[in-house]
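Student: After the structure tokens below, expect a handful of questions from me.
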Amino acid sequence: MSSNITIQRICEHCGNEFTARTTKTRYCSKKCNSAAYKQNKRQTKINGSITETLQKILPPIKDKETLTVSETALFLGVSKRTVYNWLNNGTIKGTRFSNNKVLFLKEDLLSIFKQNKAYEHPTPTERKPITEFYTIDEIKGKFNIGTTWAFKIIRENNIPKTKIGGKTHVSKKHIDNYFKKKRDDVSKITEWYTVNEAMAKYDLSRDAVYNRIYENAIPKQRIGKYVKISKLHFDELFIMRR
Numbered sequence: 002m003s004s005n006i007t008i009q010r011i012c013e014h015c016g017n018e019f020t021a022r023t024t025k026t027r028y029c030s031k032k033c034n035s036a037a038y039k040q041n042k043r044q045t046k047i048n049g050s051i052t053e054t055l056q057k058i059l060p061p062i063k064d065k066e067t068l069t070v071s072e073t074a075l076f077l078g079v080s081k082r083t084v085y086n087w088l089n090n091g092t093i094k095g096t097r098f099s100n101n102k103v104l105f106l107k108e109d110l111l112s113i114f115k116q117n118k119a120y121e122h123p124t125p126t127e128r129k130p131i132t133e134f135y136t137i138d139e140i141k142g143k144f145n146i147g148t149t150w151a152f153k154i155i156r157e158n159n160i161p162k163t164k165i166g167g168k169t170h171v172s173k174k175h176i177d178n179y180f181k182k183k184r185d186d187v188s189k190i191t192e193w194y195t196v197n198e199a200m201a202k203y204d205l206s207r208d209a210v211y212n213r214i215y216e217n218a219i220p221k222q223r224i225g226k227y228v229k230i231s232k233l234h235f236d237e238l239f240i241m242r243r
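The number in the numbering used here is simply the position in the sequence shown, starting from 1, with 1 added.
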């Protein structure tokens with residue numbers, strides 16, 4: 002039996018508005034209905050594959066006392082990068098057996114939740130207004146960098162800036178803190194790696210070495226045609242204490 006009902010609905014696939022003749026119509030056309038069906042079937046297969054993978058992986062983790070980085074990431078529900086970050090800042094403890102093998106005691110991971118205090122919402126702190134600024138030229142002159150590199154530092158570190166008289170002015174405090182962290186005590190550093198030496202010792206690619214330098218603000222300097230990296234600061238990334 003045909004229906005005289007007309008109702009305005011939104012297609013669940015394409016999002017366009019259409020006129021439906023029943024209250025149960027979900028799609029504006031046969032094409033959208035077919036596309037939605039295929040999409041649902043595909044997602045069902047993906048979900049099934051994920052479930053199957055987890056069923057194969059989780060039981061071994063459940064029964065193991067020590068976990069690899071990948072297993073620890075899965076166990077804690079975080080990424081491998083987060084595991085390494087927590088390892089480097091002391092949030093979790095692990096033991097390095099070789100350049101490519103770090104193991105964690107599951108008992109130590111579980112103890113974190115017993116030791117930590119209940120979550121407390123951080124109290125917002127009142128921000129002091131910024132009153133001292135550098136111009137870009139002052140940053141270039143003081144820290145011996147180029148214009149492109151100066152703006153890269155400002156952008157990637159979200160350093161506050163403003164326009165004064167048509168020129169870009171940057172927070173002096175934030176710039177000083179950035180370079181202090183990068184270059185603090187560089188004059189006292191006596192042992193350095195070349196990039197090639199760091200690559201060979203820790204079995205890293207050149208990009209991986211530079212990523213660690215920039216992500217961890219490791220002091221470096223150019224000596225002749227070589228970039229030298231602080232041996233002390235770079236080694237600290239790979240010292241894991243139980």
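Yeah, the Cβ is synthetic: ideal placement off N, Cα and C, and Gly gets one too.
None of these values were measured; they are calculated from a predicted model.
Just to confirm before moving on: does the CB-CB distance between Phe105 and Thr73 stay below 8 Å?
Tutor: Cβ distance < 8 Å, so Phe105 and Thr73 count as in contact.
Student: Leaving out the 5 sequence neighbours to the left and right, which residues in its chain are closer than 7 Å to Ala151 when beta-carbon positions are compared?
Tutor: Closer than 7 Å at Cβ, skipping near neighbours: Ile137, Ile140 and Lys141.
Student: Could you please give the first and the last residue of the uninterrupted beta strand (DSSP E) stretch that includes Lys102?
Tutor: Looking at the DSSP string, the run of the beta strand (DSSP E) that includes Lys102 is Lys102 to Leu106.
Student: Suppose contacts are defined by Cβ-Cβ distances below 8 Å. Is Leu75 in contact with Ile62 by that definition?
Tutor: Yes, Cβ-Cβ distance for Leu75 and Ile62 is below 8 Å.
Student: To the nearest angstrom, report how far apart Ile8 and Lys39 are at their CA atoms.
Tutor: Roughly 26 Å between the two C-alpha positions.
Student: Since Cys38 sits in a beta bridge, which residues does DSSP pair it with?
Tutor: Note that residue 38 corresponds to Tyr in the displayed sequence, not to Cys. Answer by DSSP bridge pairing: none, since Tyr38 is not bridged.
Student: Suppose contacts are defined by Cβ-Cβ distances below 8 Å. Is Tyr227 in contact with Thr191 by that definition?
Tutor: Result no, Cβ atoms of Tyr227 and Thr191 do not sit closer than 8 Å.
Student: Could you tell me which residues DSSP pairs with Ile165 in its beta bridges?
Tutor: Answer by DSSP bridge pairing, in chain order: Lys168.
Student: To the nearest angstrom, how far is it from the Cα of Lys202 to the Cα of Arg213?
Tutor: If I take the Cα positions, the gap works out to 14 Å.
Student: Are the beta-carbon atoms belonging to Val103 and Thr92 less than 8 Å from one another?
Tutor: Their beta carbons are not under 8 Å apart, which means Val103 does not touch Thr92 by this criterion.
Student: Alpha carbon to alpha carbon, what distance is there between Ile176 and Lys229?
Tutor: Their Cα atoms are separated by approximately 23 Å.
Student: Using 8 Å for Cβ pairs, my map puts Ser231 next to Lys221. What's the rounded Cβ distance?
Tutor: Indeed, because the Cβ distance is near 7 Å, the residues count as touching under 8 Å.
Student: DSSP on Thr195, reduced to helix/strand/coil?
Tutor: Strand at Thr195.
Student: Nearest-angstrom Cα distance between Phe19 and Ser35?
Tutor: Looking at the two C-alpha atoms, the distance is approximately 17 Å.
Student: Check the C-beta distance from Leu238 over to Asn89 and give it rounded, since I have them as a contact under 8 Å.
Tutor: Sure, about 6 Å apart at Cβ, within 8 Å.
Student: Thinking C-alpha only, which one of Lys181, Phe180, Ile219 and Lys182 is nearest Ala199?
Tutor: Of the candidates Lys181, Phe180, Ile219 and Lys182, the one whose C-alpha sits nearest the C-alpha of Ala199 is Ile219.
Student: Quick one: grab the DSSP three-state call for Glu13.
Tutor: Reduced to three states, the DSSP call for Glu13 is coil.
Student: By alpha-carbon positions, which one of Arg223, Thr23 and Thr26 ends up nearest to Ile146?
Tutor: Ile146 has its Cα closest to that of Arg223, out of Arg223, Thr23 and Thr26.
Student: So, at 6 Å on beta carbons, what are the nonlocal neighbours of Ala21 in its own chain, with the 5 sequence-adjacent residues on each side left out?
Tutor: Only Ile8 and Arg10 meet the Cβ criterion.
Student: In three-state terms, what does DSSP make of Ile224?
Tutor: Reduced to three states, the DSSP call for Ile224 is strand.
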